[in-house]
Amino acid sequence: MSNQSSATKRVEVRAPMSGIFYRKPAPDQPPYVEVGDMVGKKQVLALLETMKVFQKIKSPVSGKILEVVQENEVPVKDDDVLFVIDAQS
Amino acid sequence: MFSKMLIANRGEIAVRIIRACKDLGINTVAVYSEADQNSLHVRLADERRCIGPAISSKSYLNVMSILDAAKATKAEAIHPGYGYLAENGEFAQACAREGFVFIGPTPENLALAGDKINAKNIVENAGVPVIPSSRGGIGKLEEALRFSQEIGYPVMIKASGGGGGRGIRICANEEILRGEFSVAKMEARAAFGNDEVYIEKCITEPRHIEFQVLADRRGNIIHLGERECTIQRRYQKLIEESPSPRLTPPLRQTMGEMAIAAARAVKYFNAGTVEFLMDQDGRFYFMEINARIQVEHPVTELVTGVDLIKEQIRLSSGESLGYCYEDLKPRGWALECRINAEDPDKNFLPSPGIIKEYQPPGGFGVRVDTHLYQGYELPMYYDSLICKLISYDLTREGAIKIMKRALEEFTIKPIKTTIPLYLKVMDDPFFGQGIFSTHFIEKFLPEDKEERED
């Protein structure tokens with residue numbers, strides 16, 4: 001990271017509540033993002049299903065996906081880390 | 090009558106069915122997922138069987154696992170409740186094949202209820218008014234324009250593969266239809282994998298009024314009056330009542346006859362609901378037959394005195410109806426609020442968690458259908474409906490006052506619920522006068538608009 005000219009920092013994206021974590025928009029489609037992908041602010045990273053309601057998990061920053069912490073279709077708890085992003089300003 | 094019943098559901102409806110079985114002297118078997126070990130229905134039943142993991146597709150929708158539980162416990166009948174397998178014709182058939190009585194309509198009824206276009210054709214041929222619609226798909230704009238001219242604007246372009254309010258575009262006039270038609274087709278392909286669309290007349294500011302019907306095996310069919318289910322958010326019912334403040338006795342009689350005609354045309358059996366849409370001028374149109382017991386059934390029970398779950402079981406055991414609507418001498422007014430674990434101040438985001446404080450209301454005219462208890466952990470896997478609060482009094486005004494008192498008394502902490510929203514509605518003068526359409530709730534929800542831009 002130090003060799004980049006622009007400033008970067010690690011940003012964790014956490015679950016806003018408990019739910020089932022989906023990396024894909026539908027079972028037969030590719031994941032929204034993979035490690036190494038560049039994402040824009042507000043870009044959809046995943047879906048979270050809580051009590052049959054789906055909400056979009058959006059990136060709080062622009063940057064590069066460093067880590068996808070959770071597996072597809074697993075239950076996650078409130079505040080669990082879902083993604084780690086290398087934020088770029 | 091049956092000696093043992095398996096309840097293939099969870100939550101408040103499983104509790105409701107277990108209680109009806111107890112009243113009838115029927116032993117009960119609860120089935121549950123791994124997330125529901127501590128759920129109230131599991132505690133109240135005489136026997137219990139785990140049928141799989143938390144995710145519904147592997148438990149409450151798992152036909153093999155449910156039938157195995159029925160075999161192992163030697164149940165004679167299976168009540169599906171609502172949702173899950175309730176309207177699954179193949180499940181009803183599998184029950185019959187394995188020698189279990191399915192408490193509900195016939196597999197043929199269920200198949201037809203799922204085939205809305207065919208059902209509309211059959212019901213229309215029986216003389217019941219249906220919403221003018223092209224039924225089949227419309228491929229070309231010219232065809233769409235010609236048909237819309239014929240039925241009159243506004244019209245809706247609906248995706249054949251859509252449902253539950255998705256894939257609908259409203260066109261107020263010809264110019265808008267010209268602009269929207271090809272976009273609607275593209276959108277339908279993207280959303281549903283099928284670009285077929287059809288045109289239906291748009292009823293502006295409608296009311297949703299449905300009739301409860303009961304039918305026995307001998308072909309006797311009666312109705313039990315109507316339910317007003319107009320207060321909705323995104324096609325989900327929130328508040329229901331019986332009777333409807335909109336219906337006059339002659340209109341009720343006509344619609345009741347039409348509901349029976351619709352049920353007769355499809356050779357309906359057991360409890361069902363005939364749904365109508367009503368325009369501002371009181372013209373009504375058949376929409377569909379819901380082939381199950383419905384969430385809002387208690388309001389009908391309170392004004393007619395009939396336990397609809399017991400009637401479902403009694404009719405499935407082969408007994409005859411033996412009475413009609415007029416015999417029941419319906420009386421009074423019932424209101425139901427569907428209390429959901431959702432935050433009405435945060436765009437109805439769900440709110441699972443442990444119920445640390447639970448104090449239900451009581452007193453004259455209050456009924457609480459719920460699976461909640463203090464200390465219960467509300468799982469995140471299932472529907473957010475946590476309680477049906479029902480009020481009853483001789484007048485509508487009285488029922489509203491009782492509902493308000495009950496809502497104020499109700500303590501469910503620390504999760505968020507829709508109780509504060511219902512308190513506002515009970516105070517609303519238009520609600521008080523029974524003047525509303527399906528758009529009523531929008532004025533309480535400014536944030537809904539922001540969500541749509543998302």
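Going line by line, the protein sequences match chains A and B. Numbering-wise (my numbering), the first sequence opens with residue 1 and increments by one. Numbering-wise (my numbering), the second sequence opens with residue 90 and increments by one. Cβ coordinates follow ideal geometry from the N, Cα and C atoms, glycine included.
Distance between beta carbons of residue j and residue i, contact taken as under 8 Å
i	j	result
C260/B	Y287/B	So it is not a contact: roughly 13 Å between Cβ atoms.
P31/A	R23/A	4 Å
F300/B	A348/B	4 Å
G421/B	L483/B	5 Å
I257/B	F529/B	Incorrect: roughly 19 Å between the Cβ atoms, too far for contact.
V455/B	I491/B	6 Å
E289/B	I220/B	6 Å
R381/B	E179/B	R381/B to E179/B, Cβ: 15 Å. No contact.
E330/B	V388/B	6 Å
Residues sharing a beta bridge with residue i, DSSP
i	result
P75/A	I20/A
C110/B	Looking at the DSSP assignment, C110/B forms no beta bridge with any residue, so it has no partner.
E56/B	Because chain B is modelled from 90 through 543, residue 56/B falls outside the range shown and cannot be assessed.
C476/B	I428/B and T459/B
D396/B	In the DSSP output, where bridge partners are listed per residue, D396/B has none listed.
K502/B	E446/B
A166/B	M94/B and V190/B
H297/B	L366/B
H312/B	V302/B
D28/A	In DSSP, D28/A forms no bridge with anything.
D204/B	Bridge partners of D204/B: none, in fact.
L438/B	D432/B
A46/A	I57/A
G421/B	In DSSP, G421/B forms no bridge with anything.
A360/B	L303/B
R137/B	A119/B
A87/A	K9/A and G63/A
Among the options, nearest to residue i - alpha-carbon criterion
i	options	result
L82/A	T8/A, V53/A, F21/A and K56/A	F21/A
R296/B	R255/B, A97/B and R335/B	R335/B
V190/B	A119/B, S406/B and Y324/B	S406/B
P509/B	A380/B, K493/B and E415/B	K493/B
R372/B	S409/B, M344/B and A354/B	M344/B
P75/A	G251/B, S526/B, P468/B and H528/B	P468/B
A97/B	Y447/B, A181/B and A495/B	A181/B
R224/B	A159/B, I443/B and K205/B	K205/B
R186/B	A159/B, N210/B and I211/B	A159/B
D284/B	A248/B, G188/B and Y470/B	A248/B
L534/B	C139/B, S154/B, V217/B and R323/B	R323/B
Q29/A	A46/A, D37/A, P60/A and S18/A	A46/A
R235/B	N207/B, R258/B, A208/B and L266/B	L266/B
D79/A	I57/A, E73/A and Q88/A	I57/A
D472/B	Y511/B, N429/B and S154/B	N429/B
M515/B	G452/B, E531/B and L496/B	L496/B
N379/B	R278/B, A134/B, A351/B and P387/B	A351/B
G545/B	E263/B, G250/B and V302/B	Residue coverage of chain B in this structure runs from 90 to 543, which leaves residue 545/B outside it and unanswerable.
N198/B	T362/B, Q238/B and I240/B	T362/B
L461/B	Y470/B, Q448/B, G452/B and F453/B	Q448/B
P60/A	S18/A, A26/A, D86/A and P27/A	D86/A
K52/A	P450/B, E408/B, S440/B and V244/B	S440/B
Short CB-CB distance (under 7 Å) between residue i and chain A
i	result
S473/B	yes
E466/B	no
P441/B	yes
M469/B	yes
I102/B	no
Chain B contact for residue i (CB, 7 Å cutoff)
i	result
K52/A	yes
S18/A	yes
Contact list for residue i against chain D, beta-carbon separation under 9 Å
i	result
A277/B	The structure shown contains no chain D; its protein chains are A and B.
beta-carbon residue i near the ligand FAD non-hydrogen atom, thresh 6 Å
i	result
E531/B	Looking for the ligand FAD in the displayed structure turns up nothing, as the structure carries no ligands at all.
Legend entry - Inter-stretch contact (C-beta, 8 Å, three-pair minimum) for the segment 273 to 287 of chain B and the segment 332 to 339 of chain B: no
Legend entry - Any 3 or more C-beta pairs closer than 8 Å across the segment 97 to 112 of chain B and the segment 167 to 183 of chain B: yes
Inset, instruction - Check whether the segment 475 to 484 of chain B touches the segment 434 to 443 of chain B, taking contact to mean three or more Cβ pairs, one atom from each stretch, closer than 8 Å. - result: no
Legend entry - the segment 356 to 365 of chain B contacting the segment 189 to 207 of chain B, beta-carbon criterion three pairs below 8 Å: yes
Legend entry - the segment 298 to 315 of chain B in contact with the segment 388 to 406 of chain B per 3-pair CB rule at 8 Å: yes
Legend entry - Three or more C-beta pairs below 8 Å linking the segment 409 to 429 of chain B and the segment 442 to 449 of chain B: no
Legend entry - At least 3 beta-carbon pairs within less than 8 Å: the segment 202 to 217 of chain B vs the segment 370 to 384 of chain B: Contact holds between the segment 202 to 217 of chain B and the segment 370 to 384 of chain B, because three or more Cβ pairs, one in each stretch, are under 8 Å apart.
Inset, instruction - Decide yes or no for the touch test of the segment 144 to 155 of chain B against the segment 114 to 134 of chain B: beta carbon pairs closer than 8 Å, at least 3 of them. - result: The answer is yes - the segment 114 to 134 of chain B touches the segment 144 to 155 of chain B, with three or more Cβ pairs under 8 Å.
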